[in-house]
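Undergrad: The working numbering applies: residue 4 is where the sequence shown begins, and numbers increase by one.
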Amino acid sequence: FFFAFFWAFFTFSLTPVFNIGGIWPPLGIEVINPWGLPLLNTILFLSSGATVTWAHHAIVGGFKQEAETALYLTLTFAVYFTTFQFLEYFEAPFSISDGVYGSIFFMATGFHGFHVI
Numbered sequence: 004f005f006f007a008f009f010w011a012f013f014t015f016s017l018t019p020v021f022n023i024g025g026i027w028p029p030l031g032i033e034v035i036n037p038w039g040l041p042l043l044n045t046i047l048f049l050s051s052g053a054t055v056t057w058a059h060h061a062i063v064g065g066f067k068q069e070a071e072t073a074l075y076l077t078l079t080f081a082v083y084f085t086t087f088q089f090l091e092y093f094e095a096p097f098s099i100s101d102g103v104y105g106s107i108f109f110m111a112t113g114f115h116g117f118h119v120i
């Protein structure tokens, strides 16, 4: 399922066609700075993966209190991640109706968010 979104992204970004102006991103699209909120969200996402792995190992080892701590930390990261993702959506300088760029961005990140939740 997600393969289709990656396929679309790589098709349009590596070989932009004439109907989007032959450039990527298309003219008129102001992209989101990847070093701001997206970087923070990536750190939160990877950290939640580490803490859920920590919880798994604590459960397997029989360390209930440690597992609870790790799961609460994972949940905290998830809430912040989701909040920041919605903030990024509302502050994005483009929308899903802004051609292929907006469509790929919102569909890929949106479905990924629903998949994670």
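Where a beta carbon is used, it is the ideal one built from N, C-alpha and C, also for glycine.
All of these numbers come straight from a predicted model, not from anything done at the bench.
Could you spell out where the alpha helix (DSSP H) holding P41 opens and where it closes?
TA: Locating residue 41 in the sequence shown gives position 38, counting from the first residue. Taken as a continuous stretch (DSSP letters only), the alpha helix (DSSP H) holding P41 covers 40–64.
Undergrad: Taking 8 Å as the cut-off, does the stretch 57–68 touch the stretch 80–93 (at least 3 CB pairs, one atom from each stretch)?
TA: Contact between the stretch 80–93 and the stretch 57–68 is absent, because fewer than three Cβ pairs lie under 8 Å.
Undergrad: So, at 7 Å on beta carbons, what are the nonlocal neighbours of T54 in its own chain, with the 5 sequence-adjacent residues on each side left out?
TA: Your numbering for residue 54 matches position 51 in the sequence shown. Within the same chain, T54 has close Cβ partners A73, L76, T77, F80.
Undergrad: Decide yes or no for the touch test of the stretch 34–46 against the stretch 4–17: beta carbon pairs closer than 8 Å, at least 3 of them.
TA: The stretch 34–46, when compared against the stretch 4–17, does not touch it at the 8 Å Cβ threshold.
Undergrad: For A58, does the count of other Cβ atoms within 10 angstroms reach 16, so buried, or fall short, so exposed?
TA: Counting from 1 along the sequence shown, the entry for residue 58 is found at position 55. A58 should be labelled buried.
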